[in-house]
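A short write-up of the structure that comes next.
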Amino acid sequence: MRKNEFNMKKNRRIDAGLAVWGLLLMLLASTVYPGDAFATQDPSAPGGLSGVAQEGNAPEDAVPENPEDAWKEGFYPVPATPPVDLSYFSDALFIGDSRVVGLMLYSGLTETAFYAEKGLNVNTLLSNRLVLLTGGNKITIPEALRKQSFGKIYIKIGLNELGWRNISLFADAYGAAIDRIRELQPDAVIYVQSILPVSRKKSEDSSIFTNKRIMEFNEAIKKMTWEKDVHYLDVYGGMIDDQGNMPEAAGHDGVHLNKEYCLKWVEYLIRHTVRNYEEIRL
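Residue numbers (numbering that gives the first Met the number 0): 0 to 281.
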């Protein structure tokens, strides 16, 4: 009996030892060494069917699923900042379409320059004679920019281009205009304002002036401002109701703002400023 008991104990010790060795072998088999970092990688991954990265074929840093959206990682609009007083706009110039004409009429920015007219678009921005001189003659915006320097330039166009099929063409032309303005005013801080929303009724009744279309154009404008390193103002986001539309009370036609909402527009601008080109990117 004692021998049998001894053999039983011995067998149990052997079984336990085998179990320990088995566990160790499993751990060693599952260990991933540096050279096998991609051993479980999909066969289509860099390194070929073996899944192991070969010399000269090392995987690059991760990139966005859509490379065209890479700009979004470094883009952000001008954030909310402590408010400035209206004297901040005394050396400013506003360029734009009929909505900017309304801002000129109702904003109270009496010391600010406005180069704006109804129907202005990216194709006529630099060619239309819209700047009125003292003698009654009119000159183009580039001609006017050669005569006077500004500390800040606010640009807002895009409403009259919503019918364009090719948004990229619009963005490219807009970028070229920015380049020309910067060439003529190298010391000015350039703000590009988003296209403002329209009312829900206008958006539903029109096939062109829709908030969906405006958001698509604004996305292209954002990318352009990132490429040109100018400041984007998301005025669209500051002028919508809880349904994402321009409030019905904001204007009689669902597009152009009345005095109350032009003042809200100014309120947004005084709370979204930068002091120089570098500050916003620090």
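For glycine and all other residues, C-beta sits at the position ideal for the given N, C-alpha and C.
All figures in this text were calculated on a predicted structure; none of them were measured in a lab.
Membership of I220 in the alpha helix (DSSP H) is indicated by the continuous run N210 to K227.
Beta-bridge partners of H230 (DSSP): Y190.
Residue environment for E160: buried (at least 16 other C-beta atoms within 10 angstroms of its C-beta).
The residue from N217, I156, I269 and Y260 with its alpha-carbon nearest to that of Y75 is N217. Counting the other CB atoms within 10 Å of its CB gives I207 a total below 16, which places it among the exposed residues.
When DSSP states are grouped into helix, strand and coil, G95 belongs to the strand group. Note that the region 191-205 does not touch the region 138-145; fewer than 3 beta-carbon pairs, one per stretch, sit closer than 8 Å. In the structure shown, A170 adopts helical secondary structure according to DSSP, grouped into three states. Shown here for L125: same chain residues with a beta carbon closer than 7 Å to its own, the five before and five after excluded, namely T139, I140, P141, A176 and R179 in chain order. When the beta-carbon positions are compared, T209 and S202 come within less than 8 Å of each other.
Annotated three-state conformation of A79 is coil, per DSSP. Among the bridge pairs identified by DSSP, S198 is matched with M245.
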